[in-house]
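Peer 1: Numbered according to our numbering, the sequence shown spans residues 22 to 197.
Using N, Cα and C, we set each Cβ at its ideal position, and we do this for glycine too.
Here's a structure for you.
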Amino acid sequence: MRALLRLRSLSSSPRRRGLAVLVLTVLLAPAAARAAEPVADPAQQVRAALYHMLMAEILKTGVETATDNARWSIGKVNPYPGLKGDKVIAACVNWDKTSLDQIDWYGYAYYYDRAEPRRSGDEKHMKLLEDTAKDDCRRYEATNPCRCQVVDRNDTDALSLPEWFVRAHIRPKAAP
């Protein structure tokens with residue numbers, strides 16, 4: 022929100038408006054490049070679409086409980102995107118009621134390592150983070166018709182869809 026307010030104040034003159042556009046372009050370019058990468062496999066297209074929808078839903082939620090020694094207060098913006106160490110998000114999804122238009126999900130949990138730089142090659146370490154995030158997520162399974170699974174690893178799609186779901190939602194190719 023602070024960045025948005027700052028950009029509004031920068032855009033008061035034509036010269037500053039150009040600066041605001043430049044700043045936004047530089048900040049958004051990596052995300053746009055990732056989103057623009059073509060995906061040829063229909064199953065990957067389904068997974069990528071659901072990953073982006075689910076991550077958007079998760080990241081727009083505020084913090085629900087005091088975390089990290091109250092560094093993030095209840096209601097604050099989700100801090101996951103800004104975490105620098107290794108990180109994992111697990112979410113509780115009901116695939117039976119999920120479609121390509123809406124994801125039926127009940128909650129999420131993330132776990133991260135504050136150590137920097139990331140230990141990207143350490144699979145044992147990542148497995149520990151995944152298991153911990155899924156364990157934290159399981160509180161939603163206890164009272165909802167959903168299953169917890171890893172959605173994101175270090176800002177990368179880690180979503181695994183049920184085979185039946187993919188088969189049911191792959192759109193047939195158009196006739197030539």
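For G128, which of helix, strand or coil comes out of DSSP?
Peer 2: The residue given as residue 128 occupies position 107 in the sequence shown. Correct three-state label for G128: strand.
Peer 1: In this structure, how does DSSP classify K155 when only helix, strand and coil are distinguished?
Peer 2: Sequence index remark: in the sequence shown, residue 155 carries index 134 (1-based). Residue state, collapsed to three classes: helix.
Peer 1: Determine, using beta carbons only, whether L80 and T119 come nearer to each other than 9 Å.
Peer 2: Within the sequence shown, the letter at position 59 stands for residue 80. Within the sequence shown, the letter at position 98 stands for residue 119. No, these two residues do not count as a Cβ contact at 9 Å.
Peer 1: Just the C-alpha distance for L180 and A112, rounded to the nearest angstrom, thanks.
Peer 2: In the sequence shown, residue 180 corresponds to position 159, counting from 1. In the sequence shown, residue 112 corresponds to position 91, counting from 1. Approximately 10 Å between the Cα atoms of the pair.
Peer 1: Report the partner residues of A112 according to the DSSP bridge assignment.
Peer 2: Within the sequence shown, numbered from 1, the residue matching residue 112 stands at position 91. Paired residue(s): Y129 and Q170.
Peer 1: Would you tell me roughly how many angstroms separate the C-alpha atoms of T177 and D143, rounded to the nearest one?
Peer 2: Counting from one through the sequence shown, the residue named residue 177 turns up at place 156. Counting from one through the sequence shown, the residue named residue 143 turns up at place 122. Taking the straight line from one Cα to the other gives about 16 Å.
Peer 1: From C158 to A189, what does the alpha carbon distance come to, in whole angstroms?
Peer 2: Sequence index remark: in the sequence shown, residue 158 carries index 137 (1-based). Sequence index remark: in the sequence shown, residue 189 carries index 168 (1-based). Rounded to the nearest angstrom, the two C-alpha atoms are 27 Å apart.
Peer 1: For V109, which of D173, Y127 and F186 has the nearest alpha-carbon?
Peer 2: For this step, residue 109 is matched to residue 88 along the sequence shown. Of the candidates D173, Y127 and F186, the one whose C-alpha sits nearest the C-alpha of V109 is D173.
Peer 1: Could you check where the alpha helix (DSSP H) with Y72 kicks off and where it finishes?
Peer 2: The residue you call residue 72 lines up with position 51 of the sequence shown. Start and end: P63 to K81.
Peer 1: Where does the unbroken alpha helix (DSSP H) through A189 begin, and where does it stop?
Peer 2: Position 168 of the sequence shown holds residue 189. Here the alpha helix (DSSP H) through A189 covers E184 to H190.
Peer 1: Between I124, D134 and V114, which has its C-alpha nearest G103's C-alpha?
Peer 2: The residue labelled residue 103 in the question sits at position 82 within the sequence shown. Closest by alpha carbon: D134.
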